[in-house]
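Numbering (the UniProt record's numbering), first residue to last: 1 to 302. A short write-up of the structure that comes next.
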């Protein structure tokens with residue numbers, strides 16, 4: 001982390017001095033809303049009607065818009081989705097698919113530099129264990145108010161090796177016309193054979209992260225995998241995702257034990273992404289096969 005501007009350093013000295021008295025047993029809860037956008041313009045190809053695209057967007061809303069709770073102390077935190085009653089029929093179709101791709105509870109320990117995600121994927125339990133990634137934050141002096149807290153801006157460049165749902169649209173969804181889609185599909189089939197049917201993968205995406213943190217809550221915690229600033233991170237803008245804190249409770253009457261998850265098959269993030277990628281490739285091939293059968297398997301015969 002780079003040298004702090006004088007204005008921030010003076011504020012930090014004040015806040016940390018007043019914070020020391022009760023820091024030993026300090027705990028807090030921060031409530032966040034997370035929203036991710038997706039470009040649906042070319043989703044489904046030219047054959048999909050606007051009405052159908054709208055239906056798909058509505059089904060995906062529960063997957064792209066979520067609410068989380070971050071329970072934290074000075075060293076540890078758990079970031080997990082807020083539990084809600086599932087709507088009737090929500091376990092079928094995209095509801096089950098989306099729940100398998102949603103991130104499970106994420107445990108972070110900023111002292112041991114440990115991050116563990118308790119993740120279920122199609123009925124199987126995984127422990128995604130990795131070293132907590134250090135972000136090279138660039139500190140700024142720009143401020144804004146989030147609720148009753150004064151927040152400072154910080155930016156960083158990072159990469160993501162997590163599963164990218166947008167890369168697994170059907171090949172026909174990525175074309176602008178039927179002929180182009182057919183050529184692209186034939187090309188992908190050829191490439192797949194050459195690669196011994198290995199699924200397509202992408203290089204890690206480079207992302208600019210803009211974070212807003214408040215020294216009034218002097219813990220270097222934050223939502224999801226973000227951390228490392230001299231104050232709780234209340235807002236994050238990264239790629240197509242915005243995470244915004246809507247409520248903070250400090251030293252709640254009933255404290256919650258922050259537990260490190262221990263159950264599941266232990267894998268790294270890279271290994272888990274590979275598992276998900278292979279599964280999604282299998283599903284896409286199965287879906288394409290059904291689609292060809294439904295459109296008439298005899299077409300193209302001489």
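Glycine included, every Cβ here is placed at the ideal spot set by N, Cα and C.
For residue i, three-class secondary structure by DSSP
i           : result
residue 278 : helix
residue 136 : coil
residue 154 : strand
residue 285 : helix
residue 145 : strand
residue 272 : helix
residue 73  : coil
residue 234 : strand
Spatially closest choice to residue i from the options, by CA coordinates
i           : options            : result
residue 121 : 285, 286, 278, 284 : 278
residue 127 : 281, 271, 36, 267  : 267
residue 231 : 60, 263, 72        : 72
residue 275 : 70, 119, 240, 37   : 119
residue 264 : 117, 251, 235      : 117
residue 69  : 209, 246, 285      : 246
CB of residue i within 7 Å of CB of residue j, strictly
i           : j           : result
residue 49  : residue 243 : no
residue 55  : residue 149 : no
residue 223 : residue 31  : no
residue 82  : residue 67  : yes
residue 227 : residue 151 : no
residue 261 : residue 107 : yes
Residue span of the beta strand (DSSP E) that contains residue i, given as start and end
i           : result
residue 56  : No beta strand (DSSP E) holds residue 56; the alpha helix (DSSP H) holding it covers 50-64.
residue 255 : First-last for residue 255: undefined, no H or E at that position.
residue 127 : 124-131
residue 36  : 28-36
residue 79  : 76-81
residue 220 : No beta strand (DSSP E) holds residue 220; DSSP gives it neither H nor E.
Same chain, Cβ closer than 6 Å to residue i, five either side skipped, listed in chain order
i           : result
residue 183 : Residue confidence is low: residue 183 scores 49 on pLDDT, short of 50, so the model does not pin down where it sits. Its coordinate-derived value is still stated next. Once the five neighbours on either side are set aside, residue 183 has no close Cβ partner at all.
residue 176 : Residue placement at residue 176 cannot be trusted, given a pLDDT of 45 that sits under 50; what the coordinates show is reported in the next sentence. The answer is none, since no qualifying residue turns up.
Own chain partners of residue i with C-beta closer than 7 Å, once the 5 adjacent residues on each side are dropped
i           : result
residue 75  : 109, 110, 111
residue 282 : none
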